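Let me begin by presenting the structure, written as structure tokens, before commenting on it.
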Amino acid sequence: MQPKSDLPQGTLDLLILKVVALGPVHGYAIAQRLEQVSRHVVQVPQGSLYPALHRLENRGLLAADWKETETGREAKFYRLTGKGRAQLETEAASWERLTEAVALILKLSEGGVK
Amino acid sequence: MNWWQRLLRREKMEEQLEKEVRFHLEQHASELMAGGVEPREARRRARLTLGGAEKVKEECRDARGTRWLEDLWQDFRYALRMVRQQPGFSVVAILTLTLGVGASTVMFTVVNGVLLRPLPYPQPGKLVAVHGHSGTWNTKAFGEQNLAYPDFLDCVRESHSLLLAGSLFNGGTVSGSGDPEYVDLQEISSNLFSVLRVNLTQGRAFLPEEDRTGAAPVIILSYSFWQRHFAGRQEALGASVTLDGKLYTVVGITPAGFRVRDSEPDVMTPLGQDTAKFLQSRGPHPIGAVGRLAPGATLAEAQAELDLLGRHLAEQYKGTNANRSFVVEQLRPNVGDVGSTLWLLLGAVGLVLLIACTNVASLLLARAVSRERELAMRVALGAGRGRLVRQCLTESAVLGLSGGFLGVGLAAIGFKPFVALWPGSLPRVEEIQLDWRVLLFALTVALLSGFLFGLAPALRAPVRELEQVLRGGGRSVAGSSRRLHSSFVVSELALAVVLLVSAGMLGHTLLHLSSLDPGVNLRNVLVSRMALSPSTLANTDRIRAAWQDVLERARRVPGVQAVATVDTFPMRQGFNELGYWPTADVPPENKRPNALATSVSPEYLNVMGIPLRRGRFVTDQDRVGSEPVVVIDEVLSKQAFDGQDPIGKRLWMPDMDYGPFVVVGVVGHVRHWGLAGDDQAQVRAQFYYPFAQLPDKYLRRWSELMSIAVRTEVAPLSEVESLRRELRGAAGDQVLYGVHTMEQLADDSLALQRFLLLLFGIFAGLALVLACIGIYGVLAYLTGQRVPEIGIRIALGASPNGVMWMVLRQSLGMILAGVFIGTAAALAAARVMLRLVEGMQPTEPSAFGMTIPVLIVAALFASFLPARRASRVDPVIALRQE
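Chains A and B, in that order, give the protein sequences.
For the first sequence, counting from 1, position 57 maps to 57 in the working numbering; every step adds exactly one.
For the second sequence, counting from 1, position 486 maps to 1486 in the working numbering; every step adds exactly one.
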């Protein structure tokens, strides 16, 4: 198994927003989803997941309701607000620009810029 | 949800947070269990993955915006719990702070009332005073110069940006029913009340047509005069009052406590009705002028207008107005030199407050060190460093605010006795009250001091290595803590030294000043102002006869040994400075030396007991027509004639416009400026001239200022009533007022120094007690921490005396450091006092020698108790603790 990478600064919020955008979901499921989707490459520190959720809720990017799960237990389900959706789009776009740029730089041949 | 909704639903949020985290853990565990993991192991793994439920919750709480408020509330409740849990500590801390804050608030209440509060008129910022200015007038010595009446009228006419009103301070005898009474009179412009924007309680202000010569005599009464003479009855309006033999109709009553230019007159009459000759001249400057800036006008505009006028007048009236200009200034209350005393006391009380803070800080620090384990535990459980610092500060703020709250209470009851204790009359005393400024001051002081004494322990709290603390069990004292403790004790002692030495210096000063020879024999001398019958003042022959009559009547009173008339008398009871020159070619005014001139009747020398050095004193033969004579004092003799025999020499005094005066005698110097002030006074030289030789033109003005001095064979105050009766005169309308004994006056001249000594004594005592409590507390704590170490020492053979000495040596080190630093600071403080306190003696070794041993002994005594306790440590018990 490859060593797990730490999450770059500030990307946790983006990932959470993306996961929540797929539909109302509770905290534990978010943690699961993040780990599965990243194929266990990205280490999501569970301890920082909840503070991040509360911070996003506080900023009005997420809203939360208490609902029953399939197993009949009550859990806090997060969903995206309109403001959250807008935020997700701008952040995703800027992330893509950044990664493209980084990829370009990494692809440079040793000889320098042609 | 808004932040306040979140705050209000705190408990629900807590519950939900708990539920959310629990759900996560259970979900994770059940999934693991489904994969075949044992339940207990599954729950453990779930917890580990999450990384500590409490820590996660704490971080979630941080993510809410209301965190600081919740924490504050929590810390506040926690602090209250701490206060309740340790009543002994809390009571000592809060009482110390109450004293510190209370004392400084009392002082600030007085400073605020006397020096800081604006004048009690509407829009005081728009009020100005207009002063006269001339190159030769010494403003520093005599205060601002007033205006000549014609100059004042020109100012009124020429200044368009100012509404100007004038007032003339005067006095008069009110007669009629009952005893005649001498009253303070202000002659005022008709618009004075509208300039100040003060409404009369009853009746009306003067009308403009009443403010000119020949108008019907009208009078406005002060509230207190109205109460005294008319018992506050409505019928006073329209009634008549006899002032100096003339009937006036009452038209108005002022509000209670109404003041014109720092004096509270009994009655007021229209200035324009006064026909006195000196008001027609531009020579004398008796008119005080206050003005209100017109809407939109500035001080600079008003000044420019009057500058122009000043230049015109200087050209037009060269004799009187050359070099004369007008100064427009913001109107400020005149409080004399009280300011320096008040600031000095506020400074001293500030030192006491600092000591109180240091004391509480060292107590708090001692507690903080013993709470180290508790704090370390909190860090282990997830508390951040900032959070702990905030909590410590909240605790000290709670202490500070409780102290502040009680301190304001103390000040509220304390400032009245303080004001009552003030020697003489405190200016603007009616303005001294608790207002928002005082409350703001107390709050700031309480919070600042809370911050000050809370900061050191708070910053210190989380620095030490967590693990080490938890393992050490909080028994060892780090070196840094010991140093911090010592520095507290050292600064407390140093501050106490400053106050003790200051008190010592004041004591020394007072002893020195009271041992001075006043130059007169103070025993059994009565002095009093005297107003002649108004009917005699019209005619100079009658004035001379009236004063002769006064002397003869007073001599007839049994128990009177000698009696004299005098215009000014020692201990600052008035002064008249005149320029003199020993040759006929007198230099211009500002180059002439000055001397204090006193006009006397022949027996004055005997009444005051002034020693005659050479020649003779004034006699009955010196009268109008005979050669003008003066008797000079030793200081003037030395100044003017420099060792030569002055008898028969002459003095020229241009201001007297008669003379020259031949010197007929030399007498001893009298401390005219009071025991404290005379040595530093600018004009000390004195001479006496016979009242009987005064030319007719001065006679009336001199008679209005005259006093009598009486030497008695019995206690002087017992003679007052018979003198009063006897001197009432044939018409029964002559009044004695302002009666004092010379002993009282001499005593009063040191009252301020005595008062300062009393207060500094109290402050120093307080500082000493606080410093001793501080050194005791710190040593008790430090030795308490060293019990195991001491146990080992004793077990290894140290003697009890050796242990005691070890502890005492530690305290002696702190004491000596404190004394050393304090001495340096006291030397600096002494320079300040030398400037601010009149008659202050320069620093004296004895001031240190008398006070510092007291401090050292007291501090050693305070450290003796913990030292003895240390020497009695039982090694077995001590080592078992380890």
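Beta carbons: idealized from backbone N, C-alpha and C, even for Gly.
Every value quoted in this text rests on a predicted model; they were computed, and no experiment measured them.
Own chain partners of Glu-1721 (chain B) with C-beta closer than 6 Å, once the 5 adjacent residues on each side are dropped: none
Sort B:Lys-1126, B:Ala-1376, B:Lys-1277 and B:Val-1241 by Cα distance to Asn-1297 (chain B) and report the nearest one. For the record, residue 1297 (chain B) in the displayed sequence is Ala; it is not Asn. Nearest of B:Lys-1126, B:Ala-1376, B:Lys-1277 and B:Val-1241 to Ala-1297 (chain B), Cα basis: B:Lys-1126.
Proximal residues of chain A, C-beta to C-beta of Leu-1381 (chain B) below 9 Å: Result: empty, since nearest Cβ-Cβ is about 15 Å, beyond 9 Å.
Scan the region 1029-1042 of chain B for residues whose Cβ lies nearer than 8 Å to a Cβ of chain A and list them as they occur along the chain. none
Judging by CA-CA distance, which residue of B:Leu-1097, B:Gly-1784 and B:Phe-1206 is the nearest neighbour of Ser-1189 (chain B)? B:Phe-1206
Answer yes or no: do Pro-1217 (chain B) and Val-1335 (chain B) have a C-beta to C-beta separation smaller than 8 Å? no
Per DSSP, Gln-1330 (chain B) forms a beta bridge with which residues? B:Val-1128
Exposed or buried, which one is Ile-1413 (chain B) when buried takes at least 16 other CB atoms within 10 Å? exposed
Closer than 6 Å by C-beta to Tyr-1689 (chain B): which residues in its own chain qualify, once you throw out the five before and the five after it? Chain order, please. Ser-1599 and Val-1630
Below-8 Å beta-carbon distance, Ala-75 (chain A) vs any chain B residue: yes
Nearest candidate by alpha-carbon position, reference Ala-1348 (chain B), set B:Leu-1836, B:Gly-1238 and B:Leu-1306: B:Leu-1836
For Lys-76 (chain A), count neighbouring C-beta atoms within 10 Å of its own C-beta (all shown protein chains included) and say buried if the count is 16 or more, exposed if not. buried
In the DSSP assignment, what are the bridge partners of Pro-1690 (chain B)? B:Val-1600
Alpha carbon to alpha carbon, what distance is there between Leu-80 (chain A) and Leu-98 (chain A)? 24 Å
Minimum length 4: unbroken alpha helix (DSSP H) runs contained in the region 1340-1389 of chain B: 1372-1380
Sorted by chain position, which residues of the same chain lie with C-beta nearer than 8 Å to Val-1477 (chain B)'s C-beta, five sequence neighbours on each side aside? With a pLDDT of 47 at Val-1477 (chain B), under the threshold of 50, the modelled position of that residue is not reliable, and no figure is offered here.
Taking 8 Å as the CB-CB cut-off, is Val-1021 (chain B) touching chain A? yes
Please name the residues in the region 1060-1079 of chain B whose beta-carbon is closer than 9 Å to at least one beta-carbon of chain A, in chain order. Cys-1060, Arg-1061, Asp-1062, Ala-1063, Arg-1064 and Gly-1065
When burial is assigned at 16 or more other CB atoms within 10 Å of the CB, is Leu-1736 (chain B) buried or exposed? buried
Consult DSSP for His-1133 (chain B) and reduce its assignment to one of helix, strand or coil. strand
Can you tell me which of B:Ala-1731, B:Arg-1728, B:Asp-1733 and B:Asp-1874 puts its alpha carbon nearest to the alpha carbon of Ile-1794 (chain B)? B:Asp-1874
Closer than 8 Å by C-beta to Leu-1237 (chain B): which residues in its own chain qualify, once you throw out the five before and the five after it? Chain order, please. Gln-1202, Gly-1203, Val-1250, Val-1251, Gly-1252 and Ile-1253
Under 8 Å between C-beta atoms of Leu-1421 (chain B) and Phe-1763 (chain B): no
Which residues share a DSSP beta bridge with Asn-1885 (chain B)? This structure gives no information on residue 1885 (chain B), because the portion of chain B shown stretches from 1001 to 1882.
Pro-1423 (chain B), DSSP secondary structure in three states: coil
Which residue comes first and which comes last in the beta strand (DSSP E) that contains Val-20 (chain A)? Here Val-20 (chain A) belongs to no beta strand (DSSP E); instead the alpha helix (DSSP H) covers 11-21.
I'd like to know whether the C-beta atoms of Ala-1442 (chain B) and Gly-1404 (chain B) end up nearer to each other than 8 Å. yes
Helix, strand or coil at His-1285 (chain B) [DSSP, three-state]: coil
DSSP three-state label for Tyr-1121 (chain B), please. coil
Check whether Met-1653 (chain B) and Tyr-1580 (chain B) have beta carbons under 8 Å apart: yes
For the 8 Å Cβ check, are there 3 or more pairs between the region 1495-1510 of chain B and the region 1851-1863 of chain B? yes
Going by C-alpha distance, which of B:Val-1670, B:Pro-1845 and B:Asp-1733 is nearest Gly-1504 (chain B)? B:Pro-1845
Mind checking who Val-1854 (chain B) pairs with in its DSSP beta bridge? Val-1854 (chain B) is not bridged to any residue.
Determine the direct distance from the alpha carbon of Gly-1507 (chain B) to that of Glu-1634 (chain B), and round the result to whole angstroms. 30 Å
Report the residues of the region 47-71 of chain A with a CB closer than 7 Å to any CB of chain B, ordered along the chain. Gly-47, Tyr-50, Pro-51, His-54, Arg-55 and Asn-58
Pick from B:Ala-1411, B:Leu-1447, B:Gly-1424 and B:Leu-1448 that is closest to Ile-1432 (chain B), judged by C-alpha positions: B:Ala-1411
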